[in-house]
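Right, one structure below, let's go through it.
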Amino acid sequence: MIRSMTAFGNARAESPQGSVSIEFRTVNSRFLDVSFRLPDELRLAESPIREQLGQVVKRGKVEIRASYTRPEVQDQSSLDLHYLTRIATQLELARQYLPDIAAPSLAELTSASAQNSPSTDTSVWLSLCTQASTQALTELLAAREREGRRLADMMLECARNITAIVNQVEVELPELLAEHQAKIASKLRDALTAASPEGFAQISGTELTARIAQEASLFSLRIDVAEELSRLRSHIAELEHLLSAEPEAARPGAKSQGGSVGKRLDFLFQEMNREANTLGSKASALSVTRAAIDLKLLIEQMREQTQNIE
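Structure follows, in structure tokens:
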């Protein structure tokens, strides 16, 4: 199973002291790039959230947003009596020096009273952030795996088409070899006739051996694509293994074996493209040239898809 780097997850955690909402947005990137948009009251949760994220996300650009709300514990008619007493005492003292000082309005008193009420304990905010981020990350990973499955299906379809092309080339290869061998024999006869119009008897054994070795060498270099086809099959098998394997980071306590699936696939497609290029350079028939072009197109389609895989 593979994961896409493009996904979204959000969650909300609530308590009598307030609520916290967190959302994760991820897009593709070569490395893990994390940015936070948190209010000052929730900055204490940045490090725990980053640690949680690092345990399950290895690559991609991640944007984390968080917000919070406090419960409405008092209305406009409720005031802190202790706070009012302090304000009255201070106002009476101030009027001894400034007799014309105006009393504060009811709205000002209510707002100031709310601001001076005890704030929510930081441990409560931290706990709510942890709960919300855990739920949001679960949703994020589920979305990344769903999108990853779709990407894997598209690449597996391309892999099946590649296998079909390789099979067709292998079926046609004996006939192509026979045709090319006949061409070489004809060229060799023409070359020998040009070298000795009187007949083969006039050609020395050394010269004849040299010409045969030269033509045979050209033949083997241009027509032997069995190794390239075999390697393509091997690469397809490795591709299917990578697309079906469970991510190491998805299993609790699993140790990473180095490198993300996306990077491994990118390297694999480079190798497949190299084999397709070699196949095209050795092509002795138009059908093999077309097969090499089709292979390169399919490999490029898969390579484009893998740019979004973690």
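Numbers -13 to 296, taken from our numbering, label the letters of the sequence shown in order.
No residue lacks a Cβ here, since even glycine has one placed at the ideal position from N, Cα and C.
Computed from a prediction, not measured in an experiment: that's the story for all the values here.
If you follow the beta strand (DSSP E) that R45 is in, where does it begin and where does it stop? On the sequence shown, residue 45 is found 59 positions in, with the first residue counted as 1. Counting along the chain, R45 falls outside any beta strand (DSSP E), and DSSP gives it neither H nor E.
For F10: DSSP bridge partner residues: If you number the sequence shown from 1, residue 10 lands on position 24. Per DSSP, G(-5), I50.
Is it right to say S15 is buried, meaning 16 or more other beta carbons lie within 10 angstroms of its own, or is it exposed? By 1-based counting over the sequence shown, the position of residue 15 is 29. With fewer than 16 Cβ atoms within 10 Å of its Cβ, S15 is classed as exposed.
Ordered along the chain, which non-local residues of its own chain (more than five positions away) have a Cβ less than 7 angstroms from that of Q62? Translated into positions along the sequence shown, residue 62 becomes position 76. Summary for Q62: the model assigns pLDDT 46, below 50, so the residue's position carries little reliability; its value from the coordinates is reported in the next sentence. Within the same chain, Q62 has close Cβ partners T96.
Which first and last residues belong to the alpha helix (DSSP H) in which V247 is found? Within the sequence shown, the letter at position 261 stands for residue 247. Where V247 is concerned, the enclosing alpha helix (DSSP H) stretches over 247 to 267.
Cβ neighbour criterion (16 or more within 10 Å) applied to F17: Position 31 of the sequence shown holds residue 17. Classification for F17: exposed.
Reduced DSSP secondary structure (H/G/I, E/B, other) of V20: In the sequence shown, residue 20 corresponds to position 34, counting from 1. Correct three-state label for V20: strand.
Residue environment, Y54, which counts as buried when at least 16 other CB atoms sit within 10 Å: Within the sequence shown, numbered from 1, the residue matching residue 54 stands at position 68. The residue in question, Y54, is buried, as its Cβ has 16 or more Cβ neighbours within 10 Å.
Measure the C-alpha to C-alpha separation of T120 and Q38 and round it to an integer number of angstroms. On the sequence shown, residue 120 is found 134 positions in, with the first residue counted as 1. On the sequence shown, residue 38 is found 52 positions in, with the first residue counted as 1. So the two alpha carbons sit approximately 8 angstroms from each other.
Please classify G40 as buried or exposed, where buried requires at least 16 other C-beta atoms within 10 Å of its C-beta. Residue 40 sits at position 54 when you count from the first residue of the sequence shown. Exposed is the call here.
Option in E224, S216, S246, L265 with minimal Cα separation from L254: The residue given as residue 254 occupies position 268 in the sequence shown. The residue with the shortest Cα to Cα distance from L254 is E224.
Continuous alpha helix (DSSP H) stretch holding V211: start and end: Along the sequence shown, one-based indexing puts residue 211 at 225. Counting along the chain, V211 falls outside any alpha helix (DSSP H), and DSSP gives it neither H nor E.
In this structure, does DSSP put S1 in helix, strand or coil? What you label residue 1 is simply residue 15 of the sequence shown in a count that begins at 1. Looking at S1 - three-state DSSP - the assignment turns out to be strand.
Range covered by the alpha helix (DSSP H) that runs through S273: Taking the sequence shown and counting its residues from 1, the one referred to as residue 273 is at position 287. Per DSSP, S273 belongs to the alpha helix (DSSP H) from 272 to 292.
Inter-residue Cα distance where the pair is P25 and R11: As a first step, residue 25 is located in the sequence shown; it is residue number 39 there, counting from the start. As a first step, residue 11 is located in the sequence shown; it is residue number 25 there, counting from the start. Taking the straight line from one Cα to the other gives about 17 angstroms.
Return the CA-CA distance between S270 and H166, expressed in angstroms with no decimal places. Translated into the one-based positions of the sequence shown, residue 270 becomes position 284. Translated into the one-based positions of the sequence shown, residue 166 becomes position 180. Whole-angstrom Cα-Cα distance: 7 angstroms.
Look at A(-7) and A129 and say whether their C-beta atoms are less than 8 angstroms apart. As a working note, residue -7 is residue 7 in the sequence shown. As a working note, residue 129 is residue 143 in the sequence shown. The answer is yes: Cβ separation under 8 angstroms.
Just the C-alpha distance for M288 and L30, rounded to the nearest angstrom, thanks. As a position in the sequence shown, residue 288 is number 302, starting the count at 1. As a position in the sequence shown, residue 30 is number 44, starting the count at 1. Near 42 angstroms, if we compare the C-alpha coordinates of L30 and M288.
Where does S220 sit, in a helix, a strand or coil, going by DSSP? The sequence position of residue 220 within the sequence shown is 234, counting from 1. Correct three-state label for S220: helix.
Kindly give me the distance between the Cβ atoms of G248 and R45, rounded to whole angstroms, as I take these residues to be in contact under 8 angstroms. Numbered from its first residue, the sequence shown carries residue 248 at position 262. Numbered from its first residue, the sequence shown carries residue 45 at position 59. With 8 angstroms as the limit, G248 and R45 qualify as a contact, their Cβ atoms being about 7 angstroms apart.
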